[in-house]
Amino acid sequence: MVEKIVFFILLMPFYVILVWSFFETRESLLMGRIWMYNEEPDLSDEYILYTKVVIGIITVFITIFALVFFFKY
């Protein structure tokens, strides 16, 4: 039971980052790299859509992994 609680606590930051990255895609893509540009770079809509799709897929896989862990052990 303790393992499940610890796993849940450790998994929450990943969900927070994924949700933030999904809703604030431009900011998350430029986080830590904005200093390299004099002006804000123009990100294409295709790149933002691709990033949102990848974030959605990763979120689904993490959720499936968490559910398997919770119900198997």
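So the sequence shown is residues -3 to 69, counted in the numbering used here. Just so it is clear, CB atoms sit at the ideal spot from N, CA and C, and this is done for glycine as well.
In the three-state scheme derived from DSSP, where H, G and I count as helix and E and B as strand, residue 41 is classed as helix.
Using a 10 angstroms sphere on the CB of residue 30, the tally of other CB atoms stays under 16, which defines it as exposed.
Residue 10 is positioned such that its CB atom lies closer than 8 Å to that of residue 58. Taking C-beta separations shorter than 7 Å and ignoring five residues to either side along the sequence, the partners of residue 51 in its chain run 14, 17 and 18, following chain order.
Distance from the CA of residue 63 to the CA of residue 12, rounded to the nearest whole angstrom, comes to 18 Å.
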